[in-house]
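Asker: Submitted below is the structure of interest, expressed as structure tokens.
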Amino acid sequence: MALLSLVSLKLFFLGLDCLSRAGAGNIGIPLIVGCNIAAFSLYSLLFLKERLSRIEIAGMLAVPAGIIVIAIR
């Protein structure tokens with residue numbers, strides 16, 4: 001588990017470095033946080049069989065929309 005955490009952190013910082021070199025460093029953290037929220041929500045839907053309310057679905061759709069808006073600006 002510790003090795004997986006170390007690899008994950010290394011990939012996280014490499015990704016931030018790549019975004020920074022491309023001039024898109026300002027979307028790195030929102031992108032990573034948004035992906036984590038979406039991935040956890042999909043996990044809970046598929047494996048834990050949880051149901052989402054309409055407001056939760058709207059919130060999940062707002063995350064990528066917000067990331068796109070930030071990226072366009």
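Residue numbering for the sequence shown is 1 to 73, as defined by this note's numbering.
Just so you know, even glycine gets a beta-carbon here, dropped at the ideal spot from N, CA and C.
#1: Looking only at C-alpha atoms, which of L16, A22 and S41 sits nearest to L31?
#2: Quick check on G34: buried or exposed, where buried means 16 or more other Cβ atoms within 10 Å of its Cβ?
#3: Which residue comes first and which comes last in the alpha helix (DSSP H) that contains S41?
#4: Nearest CA to the CA of A38: which residue from N26, L52 and G25?
#5: Tell me the residue span of the alpha helix (DSSP H) that contains K10.
#6: Is DSSP giving A71 helix, strand or coil here?
Answerer: This is what the structure holds:
#1: Locating residue 31 in the sequence shown gives position 31, where the first residue counts as 1. Among L16, A22 and S41, the Cα nearest to that of L31 belongs to L16.
#2: If you number the sequence shown from 1, residue 34 lands on position 34. Under this definition G34 is a buried residue.
#3: The residue you call residue 41 lines up with position 41 of the sequence shown. Looking at the DSSP string, the run of the alpha helix (DSSP H) that includes S41 is G28 to L46.
#4: As a first step, residue 38 must be located in the sequence shown, where it is residue number 38. When only C-alpha atoms are compared, the closest one is L52.
#5: For the purposes of this step, residue 10 is taken as residue 10 along the sequence shown, with counting starting at 1. That run of the alpha helix (DSSP H) goes A2 to R21.
#6: Residue numbering aside, residue 71 sits at position 71 when the sequence shown is read from its first letter. Helix.
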